[in-house]
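Peer 1:
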Amino acid sequence: MREARTTCPYCGVGCGVVACVEDERIVDVQGDPEHPANFGRLCVKGSALHETLGHHGRLTRPRVDGVEVDWETALATVAERLTAVQAAHGSQALAAYLSGQLLTEDYYVANKLFKGFLGTPHLDTNSRLCMASAVAAHKRAFGADAVPCSYEDLEEAELVVLVGSNLAWNHPVLYQRLKVAKQRNPLLRVVVIDPRVTDTCEIADLYLGLKPGSDARLFTGLLAWMAKRNKLDRVYLEQHVQGFDEALAAAREQDAGVEAIAADCDLDAERLETFFYWFASHLHVVTLFSQGVNQSSSGTDKGNAIINCHLAGGKIGLPGAGPFSITGQPNAMGGREVGGLANQLAAHMDYDTPGARDRVTRFWATERRVPCLPDGPGHKAVALFEAIERGEVQALWIMATNPAVSLPRADRVRAALEKCPLVIVSECMADADLLAYADIVLPASSWSEKDGTVTNSERRISRQRGILPPPGEARHDWWIVCEVAKRLGFSEAFDYAHPCEIFDEHARLSGFENGENPGEGRRLFDISGLVGLDRAAYDALAPIQWPVNAGAPHGTARLFTDGRFATPDGRARMQPVRPRPPAQVLDAARPLRLNTGRIRDQWHTMTRTGRAPRLMNHRAEPFIEIAPEDASELGVEEHALARLHGAGGSYIGRVRVSRGQRRGEVFVPMHWSRHFSGAARMGELLEAYLDPVSGQPESKHGAVSLEPLPLG
Ligand code: SF4
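As numbered in the UniProt record's numbering, residues 1 to 712 make up the sequence shown, in order.
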């Protein structure tokens, strides 16, 4: 028996795991007591990790056009076909769609290959569906996409506000930490703001079941209320913030009376004012927000409406204070760090970051090859598949994600994949339904085999360690990308023997060069303090929060403690926010508001968690949650089957009648795919309405009708 320390891959909390290995099998997992994300805790998904593993059902050989081939043939064919598409249609015809499941090292080399050496900007990620709006809100407010807080701030706060977050199910270890903190400190209050009554409400001192989509109205209302009641931190605003007058003027454009705000949000005015009073009268407030805020056609504005209130009250940069975006995926943050979003270039820099393009070009140049970086941003996720539909993108490499289930208008995504002349899929599981669209299938290694780093929601970089060898001929994603790059003629730039060399390059690119400061503001993503780790040091790397540099060799728990932000003048920017309703309008044909989300015991499209019987016990089949009044009006009962009709298809699920569901709204889980259910793909129900700033789809506000089905 041996023990190995690694990181859980099933959510953005990023818990440390101690895996017990016997006879080359992981026989048990425990929470790592030394990992600062979880201090030994695990949730049910994390504690079942070893039950979701195994070689059964794994992809073990590459395939080209449906025929198993050796790696040399597969890699050469990928290179040949990418070259052919590029020669015929130009670099802009090439694209990649990545995933927050990839490790930072995988992401880094994929970004470097596509943007740096193939010269296409069209590399985006499924993290676009998860936290792109929070990224955009951070950039607008702070000058950089930087999460100010640490998990310990939840424990040090006087008030924790959870907005659009079912923490109990989606980030369970954070929920456990908050629950314990509340038991230890009876003065700590928790407010839950969510249209659904979820398990998270168990610890709520105040629950606000607002009308879906009215979050921005609530927080602009809060800002106006704080101004009216003299609850602003005028000194902080004067010294550290710009844009207050414009933000307040926008907030005051709508009736700022509590009654009017409550009516617009469909809330009880007294309860709403209680929340306003609590927020305004405490300094140590953490507002934790997640997909309920981000997955909206005005998600960026909602994020900024929240941040505005923190800036206006000086509730940031202090222990137990700050707006705190929590990511869904284990390495959504790592993808952001390397430039894995289509609007980013590399090393957390955007195309319009002054000097960034030159810096990256010089950094990636080899003796024989100068990178050919694109001039500007590429297609974001939804637009990428629309470009395939139009025939503009002719070759797509998908790694570790299934857009045919998760993207809105999944029906159109599938049609686009069918039409795309070259689809390359890197995947672990042999029965992933995306493989039906792949011309070339590349068997990838999985958790417990992959070696590299991930960054969790509090900017903490942790090692994910390769504990077992990959089955058959499965290979690591970074290796696959680099081997293709070599066959494309870029050997010098992709000559890595180990992921620690990639990490070292990533760390060097993040740092300053001779005092150079590409952002003209304070550069926050800086891990130059981790440059030069050899294999042993990389392997032993303890979890650490960025920035890590000469000024902060042990990492940085909390940002903006000095009131200086990453803008050129160091001042934060409050944003004028004018609340907008969801873009998806309800009508007589589709009168029900559709909400979508995760369930406690499953992960994404269930390719791994769907294999563990004890995880399937929680919710064994797709379901439709509906309010009792709606159920009786529509003639459906608990356990009956019903079909939802949406924008691009339908979804069959078992009815669950719930008093936690608002009237006129239904909730469906996001997980089921064709493999697990032939008739329940959430993505088909949603129209592709996007946030204009972040490009994030409006996955929380669909429109559906419900048809009772005769057979139960
Ligand atoms: Fe894994 Fe998230 Fe559970 Fe932690 S909270 S054990 S990271 S699924």
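Every residue, glycine too, gets a C-beta built ideally from N, C-alpha and C. All of these numbers come straight from a predicted model, not from anything done at the bench.
Flag Asn166 as yes when its Cβ comes closer than 7 angstroms to any non-hydrogen atom of the ligand PLP, and as no otherwise.
Peer 2: Absent from the structure shown: the ligand PLP. Ligands present: the ligand SF4.
Peer 1: In whole angstroms, what separates the C-alpha of Glu707 from that of Gly635?
Peer 2: Going by the C-alpha atoms only, they are around 9 angstroms apart.
Peer 1: Could you check if Gly712 is buried or exposed, using at least 16 other CB atoms within 10 Å of its CB as the buried criterion?
Peer 2: For Gly712, the pLDDT reaches just 47, beneath the cut-off of 50, and the residue's location in the model is therefore unreliable, although a value from the coordinates is still provided. Exposed.
Peer 1: Output the distance between the C-alpha atoms of Trp169 and Ala432, rounded to the nearest integer angstrom.
Peer 2: If you take the alpha carbons of Trp169 and Ala432, they lie about 25 angstroms apart.
Peer 1: Taking only runs that begin and end inside the region 649 to 693, name each unbroken beta strand (DSSP E) of 3 or more residues, in chain order.
Peer 2: Those beta strand (DSSP E) runs which fall completely within the region 649 to 693 and span 3+ residues are 650 to 657, 665 to 669.
Peer 1: Give me the residue from Asp451, Ala87, Ala312, Ile527 with the minimum Cα distance to Leu488.
Peer 2: Of the listed residues, the one whose Cα sits closest to Leu488 is Ala87.
Peer 1: What does the alpha-carbon distance come out to for the pair Thr6 and Tyr97?
Peer 2: Computed Cα separation, rounded: 26 angstroms.
Peer 1: Looking at Asn38 and the ligand SF4, is the gap between the Cβ and the nearest heavy atom below 7 angstroms?
Peer 2: True, at least one ligand heavy atom lies under 7 angstroms from that Cβ.
Peer 1: Below 7 angstroms CB to CB, which residues in the same chain sit around Gln176 once its five sequence neighbours on both sides are set aside?
Peer 2: Cβ neighbours of Gln176 beyond the five flanking positions: Arg41.
Peer 1: Check whether the Cβ atoms of Cys420 and Leu396 sit closer than 8 angstroms, and answer yes or no.
Peer 2: Taking 8 angstroms as the Cβ cut-off, Cys420 and Leu396 qualify as a contacting pair.
Peer 1: For Ala216 and Cys265, I'd like the C-alpha separation in whole angstroms.
Peer 2: Ala216 and Cys265: Cα-Cα distance of roughly 10 angstroms.
Peer 1: Along the chain, where does the beta strand (DSSP E) that runs through Ser165 open and close?
Peer 2: Neither: Ser165 is in no beta strand (DSSP E) and is coded neither H nor E.
Peer 1: Helix, strand or coil for His138, going by three-state DSSP, please let me know.
Peer 2: The answer is helix: DSSP assigns His138 an H, G or I state.
Peer 1: Leaving out five residues on either side along the sequence, give the residues of the same chain with a beta carbon under 8 angstroms from the beta carbon of Leu283.
Peer 2: Counting only Cβ-Cβ distances below 8 angstroms, and skipping sequence neighbours, we find Glu158, Gly313, Gly314, Lys315, Leu318, Ala321.
Peer 1: Helix, strand or coil for Pro499? Go by DSSP, reduced to three states.
Peer 2: DSSP places Pro499 in helix when its eight states are reduced to three.
Peer 1: Regarding His639 and the ligand SF4, is the C-beta to nearest heavy atom distance less than 7 angstroms?
Peer 2: No.
Peer 1: Between Val161 and the rest of its own chain, which residues show a CB-CB distance below 6 angstroms, the 5 nearest in sequence each way excluded?
Peer 2: So the qualifying residues of the chain are Val191, Thr287.
Peer 1: What's the gap between the Cα of Ser658 and the Cα of Asn595?
Peer 2: Their backbone Cα atoms lie some 14 angstroms apart in a straight line.
Peer 1: Give the secondary structure of residue 727 by DSSP, where H, G and I count as helix, E and B as strand, and everything else as coil.
Peer 2: Missing from the structure shown is residue 727; the chain here goes from 1 to 712 and no further.
Peer 1: Heavy atom of the ligand SF4 less than 7 angstroms from the Cβ of residue 768, yes or no?
Peer 2: The question about residue 768 has no answer, for the chain in this structure spans 1 to 712.
Peer 1: Looking at the unbroken beta strand (DSSP E) that takes in Arg5, where does it start and where does it end?
Peer 2: Taken as a continuous stretch (DSSP letters only), the beta strand (DSSP E) holding Arg5 covers 2 to 7.
Peer 1: Roughly how many angstroms separate the alpha carbons of Asn308 and Asn111, rounded to a whole number?
Peer 2: Approximately 33 angstroms between the Cα atoms of the pair.
Peer 1: Please report the straight-line C-alpha distance between Leu685 and Met131, rounded to a whole angstrom.
Peer 2: Looking at the two C-alpha atoms, the distance is approximately 21 angstroms.
Peer 1: Taking 7 angstroms as the line, does the beta carbon of Cys130 fall inside it for any heavy atom of the ligand SF4?
Peer 2: Flag unset: Cβ of Cys130 not near the ligand SF4.
Peer 1: Please report the distance separating the alpha-carbon of Gly143 from that of Arg522.
Peer 2: So the alpha carbons of these two residues sit roughly 8 angstroms apart.
Peer 1: Bridge partners for Cys20 per DSSP, in chain order?
Peer 2: Looking at the DSSP assignment, Cys20 forms a beta bridge with Glu3, Asp28.
Peer 1: So for Ala404, helix, strand or coil by DSSP?
Peer 2: Residue state, collapsed to three classes: helix.
Peer 1: Given a threshold of 16 other Cβ atoms within 10 Å of its Cβ, counted over all protein chains shown, does Glu698 qualify as buried or as exposed?
Peer 2: Answer is buried; the Cβ neighbour count reaches 16.
Peer 1: Compare the C-alpha of Pro408 against each of His701, Val109, Leu434, Arg611 and name the closest.
Peer 2: Selected option, being the one with the closest Cα: His701.
Peer 1: For Ser446, collect the residues of the same chain with a Cβ closer than 6 angstroms to its Cβ; drop the 5 residues on either side in sequence, then sort them by chain order.
Peer 2: If we look at Ser446 and ignore the five residues flanking it on each side, its Cβ neighbours are Cys428.
Peer 1: I'd like to check one pair, Ser406 with Leu129: are the Cβ atoms closer than 8 angstroms?
Peer 2: Yes, the pair counts as a contact, with Cβ atoms nearer than the cut-off.
Peer 1: Whole angstroms are fine: how far does the CA of Thr556 sit from the CA of Ala141?
Peer 2: Computed Cα separation, rounded: 20 angstroms.
Peer 1: Would you say Lys450 touches the ligand SF4, meaning its beta carbon is less than 7 angstroms from a heavy atom?
Peer 2: Not under cutoff, so the answer is no.
Peer 1: Compute the minimum distance between the beta carbon of Pro470 and the heavy atoms of the ligand SF4, and state whether it is under 7 angstroms.
Peer 2: Because no heavy atom of the ligand SF4 lies under 7 angstroms away, the Cβ of Pro470 does not count as near it: no.
Peer 1: Which value, in whole angstroms, describes the spacing of the CA atoms of Gly328 and Ser290?
Peer 2: Roughly 8 angstroms separates the two Cα atoms.
Peer 1: For the alpha helix (DSSP H) that contains Ile388, what are its first and last residues?
Peer 2: First-last of the alpha helix (DSSP H) with Ile388: 381 to 389.
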